[in-house]
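I have placed the structure first, in the form of structure tokens, so that the comments after it can refer back to it.
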Amino acid sequence: VEFWNETVDGLCRSGNFQAAIQYVSKLHAGGFSSNMVTYNMLLGALCKAQRLEAASKLLDEMVYSGCMPTLSLWNSLIDAFCKAGETAAALQMFSKMRSGGGSPDKLTFSSVTHGLCKKGKLAEANRFVEDMRKDKIAPDILLWCVLIEALSVIGNFDEALEVTSRMASDGCFPDVATYSILIKGLCRANRVNDAMRLLDEMHANGLCPDEVINTAILTSLFRAGREDEAIKRIDKLAASGYRIT
RNA sequence: CCUGCGG
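Just so you know, the first sequence maps onto residues 9 to 253 in my numbering.
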């Protein structure tokens with residue numbers, strides 16, 4: 009088995025999925041059965057390559073033959089489907105995971121929530137987060153950010169900020185990425201002044217804006233015809249040793 | 001060891 013796994017691993021690494029799958033089914037036809045390692049490798053590779061049709065086929069075969077994916081493989085699978093916008097399929101896997109005795113973790117929930125949010129299914133996403141709490145899993149900053157991002161893309165900044173403070177009262181404090189989501193959203197909505205207010209708040213919290221934030225602010229200042237202010241900021245950034253592009 | 005957030 010170890011030898012086949014090496015072979016499968018090699019084929020996957022060189023992008024030869026078709027060959028890897030054929031190789032495995034040939035072994036099966038010869039009466040050999042693969043183990044979890046084989047499936048995990050092959051499926052992990054298929055996820056990365058976004059060969060989702062092949063992945064779900066293989067998943068069914070795997071489960072049918074009595075092998076359950078590991079937690080991280082479930083997460084890779086579910087996330088791959090979410091990223092492809094296939095949230096329905098992802099949710100099916102989620103239930104398959106549960107019925108197979110698997111316990112979703114915060115990554116699983118976060119991937120699905122992210123997928124639902126990207127599809128604009130905010131209500132469903134929130135329900136999902138409720139389920140997660142029922143599972144005694146506390147949202148972490150990454151999950152909060154997913155929700156904040158979803159609100160901010162629909163321009164609902166009031167609620168996005170409310171979620172931000174709820175998260176802080178939960179002991180999760182906004183980080184640079186959190187601010188980035190909010191600031192970029194505000195810039196997109198041409199609310200540069202509000203964005204700069206958040207920038208100040210961020211400084212007050214001892215956080216330093218990164219390039220993502222700086223370029224968002226600068227480009228929207230330019231877009232608003234406020235080049236004088238933009239230039240001033242660029243000078244200030246340059247003075248503090250920032251590289252300007 | 002492989003899997004989740006802004007860019």
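Even glycine gets a Cβ: it sits at the ideal position worked out from N, Cα and C.
- The Cβ-Cβ distance between L150 and S118 falls below 8 Å.
- Annotation for L60: L54, A88, F89, A92, E94, A97 place their beta carbon closer than 8 Å to its own, counting only its chain and skipping 5 residues before and after.
- In this chain, Y250 is not harboured by any alpha helix (DSSP H), its DSSP state being neither H nor E.
- Excluding residues up to 5 positions away in sequence, L19 lie with their Cβ nearer than 6 Å to the Cβ of A27 in the same chain.
- Comparing C-alpha distances from R196 to each of N164, S173, V137 shows the shortest one belongs to N164.
- Apart from the 5 residues on each side of it in sequence, H122 sits with its Cβ closer than 7 Å to the Cβ of C90, V154 in its chain, given in chain order.
- In the structure shown, A92 adopts coil according to DSSP, grouped into three states.
- Taking T223 as the centre and dropping the five residues before and after it, the same chain places no C-beta closer than 7 Å to its C-beta.
- Listed in chain order, the alpha helix (DSSP H) runs fully inside the region 119-190 are 130-142, 149-161, 165-177, counting runs of at least 4 residues.
- With fewer than 16 other beta carbons inside 10 angstroms of its own, K142 counts as exposed.
- Sixteen is the threshold: since fewer than 16 other Cβ atoms of the shown chains lie within 10 Å of the Cβ of V9, the residue is exposed.
- With a threshold of 16 other beta carbon atoms within 10 Å, I145 meets it and is buried.
- With respect to I221, I191 sits close: the two C-beta atoms are nearer than 8 Å.
- Nearest Cα to T46 within the set T78, I162, L226, H211: T78.
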